[in-house]
Every structure is written in structure tokens, then in C-alpha cells.
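*Asks:*
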Amino acid sequence: MMERDGNASDHLPRQAAGIPQDELVAGPSGQPESIHPQALLAQVLDRFIQQAIAQVISAQWEPHFHRHSYGFRPERSAHQAVREVQGTIRAGYGWVVDMDLQAFFDRVNHDRLMARLKSRTRGNTIGVIVAELRKALLGWKAYFGIAEVLSPLRDIDKWVRRKLRCYLWKQWGSAGYRQLRKRGVSVREAWNTSKSAHGPWRLSKTPALTIALPWRYFNDLGLPSLAPR
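Numbers given in our numbering equal positions in the sequence shown, counted from 1, plus 8.
1. Which residues bound the alpha helix (DSSP H) around THR201?
2. Find out if the Cβ-Cβ distance for the pair TYR78, ALA86 is shorter than 8 Å.
3. In whole angstroms, what separates the C-alpha of LEU231 from that of TYR225?
4. Assuming TYR144 and ARG191 are in contact, meaning their beta carbons sit under 8 Å apart, how far apart are those beta carbons, in whole angstroms?
5. Measure how close the beta-carbons of ALA183 and ARG189 come, nearest whole angstrom, since I'm counting them as under 8 Å.
6. Counting Cβ pairs closer than 8 Å, one from the stretch 110-129 and one from the stretch 203-221, do we hit at least three?
7. Are three or more beta carbon pairs between the stretch 148-160 and the stretch 194-210 nearer than 8 Å?
8. What is the DSSP secondary structure of GLY192, counted as helix, strand or coil?
9. Nearest by alpha-carbon distance to ARG169: which of ASP106, ARG186, HIS76, ASP228 is it?
10. If LEU211 and LYS149 are in contact, beta carbons under 8 Å, what's the gap, nearest whole angstrom?
11. Please classify ASP165: is it buried, with 16 or more other beta-carbons within 10 angstroms of its beta-carbon, or exposed?
12. Alpha carbon to alpha carbon, how far is VAL193 from PRO222? Give it in angstroms, no decimals.
13. Where LEU176 and GLN94 are concerned, what is the direct C-alpha to C-alpha distance, given to the nearest angstrom?
14. If I measure Cβ to Cβ from ARG237 and keep anything under 6 Å in the same chain, skipping five residues before and after, which residues do I get?
15. For the putative contact between GLU180 and ILE57, defined by C-beta atoms under 8 Å, what is the C-beta separation to the nearest angstrom?
16. Please report the straight-line C-alpha distance between TRP69 and ARG186, rounded to a whole angstrom.
17. Note down, in chain order, each residue of its chain lying with its Cβ closer than 7 Å to the Cβ of GLN63, except the 5 sequence neighbours on either side.
18. Check each candidate in ALA123, GLY100, LEU161 and name the one with the smallest Cα separation from LEU146.
19. Measuring straight from C-alpha to C-alpha, what distance separates LYS171 and GLY135?
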């Protein structure tokens, strides 16, 4: 006869005992590690947002990459890089210089890097940006619209509109107070917001920006929503 030690609940599956079942994922060392489902959902949502941003900006930056760059680029692969090297060898070249920028983003002068990046920005109007987002958002809506759990899609809707408020606030610059007043924000709210020491992202969630740039404003520009309100 099989012996049982301890409480009977110790021998029940974790889900049956009411304990959330962790997922097994590969850790940094390659060994399996457990991760809570909520943490896994946060990682998936973060990845989803990163991919959304990449789809919008890749068309702008892709033409500026070197033609011999093959890493992490659309329609580029390691096989193409190998064929490029093979062609170079057949052309008579016999030396290879292998270089790597170790910890580049940890050591680069970020002020100079951002200045160089800003020099290539287009400074588009909000209408142009919404038109670019519209195609991507409609594609995601067609794919993810079947989902029954809509809260992650609503979170993305809120994040996109907050990001656009941040963008507009930065564009307004010193005219921020006048723009807020023109859009119905009270003198007190407009003054406190325009004179705030906080950055654009922090201010994009303030009542003043929400009143000045409500959900209806973005709807009128043609910005679709991923989830029904």
C-alpha cells in the first residue's frame, strides 16, 4: 500500500489547490525558470508595444542603414551575409577584420547620439502621424479583435493616445499655455501645466492635456481603437 505523508492538499496539483500555475521559461543561463502568468503577460504586452513602434519607424530609418548591414533588418539574414563574404573572397580579397563595439550603448555619448537622431526626424504634423498609425492599428485590430480579453487592447489604446498628447505638447513648446486655453482648459490648469518642471511624458497624463486633447479629438483625426469603449 502506498504511504502518504503530510496533508492531503500537498499531493494535489497546484492549480487544484488554488495556487497560480507558473510558466517555465528559459532563463539567462539557458536553464528553465518559473515565471508568474501576470509577469509573462506584462512581457508580452511590452513586446507588443515595441513591435508596434518598430513597424511605424522602420520605414523612416531603414533607408539610412549601410547596404552591407544584415543584422536584425527586414528581409535580411545571416545567409545573405555569408554569401556576401563568399563573393568578396572570390573577388580576390584575402583579409578579414573582425570588430565589435563592446557595450556601445553603455559608453556612447547619449547627448550627441540623440542630437544626430533628431537631425533626421521629419517633424510631421499630427495628421500625418495618425495616418501612419492608422494602417498599423487596423491591421492589429483585424488580427487581435477576436480576443475576448479586451483590457490589454484598451491599455494600448490609452498608451497610444497618451503618446500622441506627449508629442503634441512637445510641438507646442512655448505656446503650450495658449494652446491649452484655446482648447477650453481653465486658466489655473493651463498655467500650472505650462509652468510645470515635469517632462512631456509626465504631463501627457495631466487633466489639462486630457481636456485639451480628448478621445474625440483623435477619433476625428481618424485614429482607430483596438477595443470598443
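Heads up, the beta-carbon is just placed ideally off N, CA and C, and yes, glycines get one too. Keep in mind the model is a prediction, meaning the values are calculated, not measured.
*Replies:* In short:
1. Residue numbering aside, residue 201 sits at position 193 when the sequence shown is read from its first letter. For THR201, the uninterrupted alpha helix (DSSP H) segment begins and ends at 195-202.
2. Working through the sequence shown from its first residue, we reach residue 78 at position 70. Working through the sequence shown from its first residue, we reach residue 86 at position 78. Pairing TYR78 with ALA86 gives a Cβ-Cβ distance under 8 Å.
3. Translated into the one-based positions of the sequence shown, residue 231 becomes position 223. Translated into the one-based positions of the sequence shown, residue 225 becomes position 217. Going by C-alpha positions, LEU231 is about 9 Å away from TYR225.
4. Sequence index remark: in the sequence shown, residue 144 carries index 136 (1-based). Sequence index remark: in the sequence shown, residue 191 carries index 183 (1-based). Before going further, note that residue 144 is Ala rather than Tyr in the sequence given. About 27 Å separates the Cβ atoms of ALA144 and ARG191, ruling out a contact at the 8 Å cut-off.
5. Position 175 of the sequence shown, counted from the start, is the residue given in the question as residue 183. Position 181 of the sequence shown, counted from the start, is the residue given in the question as residue 189. In this structure ALA183 does not touch ARG189 by the C-beta definition: roughly 10 Å separates them, more than the 8 Å allowed.
6. No, because fewer than three Cβ pairs between the stretch 110-129 and the stretch 203-221 fall closer than 8 Å, the two stretches do not touch.
7. No, because fewer than three Cβ pairs between the stretch 148-160 and the stretch 194-210 fall closer than 8 Å, the two stretches do not touch.
8. Residue numbering aside, residue 192 sits at position 184 when the sequence shown is read from its first letter. Reduced to three states, the DSSP call for GLY192 is coil.
9. For the purposes of this step, residue 169 is taken as the residue at position 161 of the sequence shown. Ranking ASP106, ARG186, HIS76, ASP228 by Cα distance to ARG169 puts ASP228 first.
10. What you label residue 211 is simply residue 203 of the sequence shown in a count that begins at 1. What you label residue 149 is simply residue 141 of the sequence shown in a count that begins at 1. Contact flag wrong, Cβ pair sits at about 29 Å.
11. Within the sequence shown, the letter at position 157 stands for residue 165. Classification of ASP165: buried, given that the 10 Å Cβ count is 16 or more.
12. Position 214 of the sequence shown holds residue 222. Position 185 of the sequence shown holds residue 193. Between PRO222 and VAL193, the C-alpha separation is close to 12 Å.
13. Walking along the sequence shown from the start, residue 176 turns up at place 168. Walking along the sequence shown from the start, residue 94 turns up at place 86. Their backbone Cα atoms lie some 49 Å apart in a straight line.
14. In the sequence shown, the residue the question calls residue 237 occupies position 229. Closer than 6 Å at the Cβ level, and outside the excluded window around ARG237, lies no residue.
15. Counted from its first residue, the sequence shown places residue 180 at position 172. Counted from its first residue, the sequence shown places residue 57 at position 49. The sequence as given places Trp at residue 180; Glu does not occur at that position. Not a contact, Cβ separation roughly 25 Å.
16. Taking the sequence shown and counting its residues from 1, one reaches residue 69 at position 61. Taking the sequence shown and counting its residues from 1, one reaches residue 186 at position 178. CA-CA distance, TRP69 to ARG186, rounds to 34 Å.
17. On the sequence shown, residue 63 is found 55 positions in, with the first residue counted as 1. So the list reads ALA144, once near-sequence residues are dropped.
18. Within the sequence shown, numbered from 1, the residue matching residue 146 stands at position 138. Restricting attention to ALA123, GLY100, LEU161, the CA atom closest to the CA of LEU146 is found in LEU161.
19. Taking the sequence shown and counting its residues from 1, the one referred to as residue 171 is at position 163. Taking the sequence shown and counting its residues from 1, the one referred to as residue 135 is at position 127. Separation of LYS171 and GLY135 (C-alpha to C-alpha, rounded to the nearest whole angstrom) is 14 Å.
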